[in-house]
Amino acid sequence: MDRVQQLKELLDKHPDDSFLKYALALEYLKRGEEESAEQYFRTIVEQDPAYLGVYYQYGKWLETKGRHAEAIDMYSKGIQQAMMQGDSRTLQELRNAFAAVADIDL
């Protein structure tokens, strides 16, 4: 059984598990199934905005697609969440990514 199938079976048992959705999104990216990956990224942002890992990866993917305004928005949302959660490491990573795509110095 491949990794995607394993993750889907686990997700069937735990449908609210954002980590499983995130892992599926990353697996779909590895396979080149970008629409499926984006669907899982978007679902996490909508249903579990406190899941910090999604903002960086989704933002980076948006950048690769040339969707810079959306990437900036994603990083901004992640920055807000990281500040609310007091996660300084993730906050710095998101600020750096935001500055790089927005082409500004922080």
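Using this note's numbering, the letters of the sequence shown map in sequence onto residues 497 to 602.
Ideal Cβ positions, reconstructed from N, Cα and C, are used throughout, including at glycine.
- Residue 524 sits in a helix when the DSSP states are folded into three classes.
- Here residue 550 has 518, 537, 540, 541 as same chain residues with Cβ atoms under 7 Å from its own Cβ, once five neighbours each way along the sequence are excluded.
- Residue 558: member of the alpha helix (DSSP H) spanning 549 to 560, first to last residue.
- Around the beta-carbon of residue 531, fewer than 16 other beta-carbon atoms lie within 10 Å, marking it exposed.
- Taking C-beta atoms under 8 Å as the contact rule, residue 554 and residue 514 fail to qualify, at a distance of about 12 Å.
- Between the C-alpha atoms of residue 561 and residue 599 there is a straight-line separation of about 17 Å.
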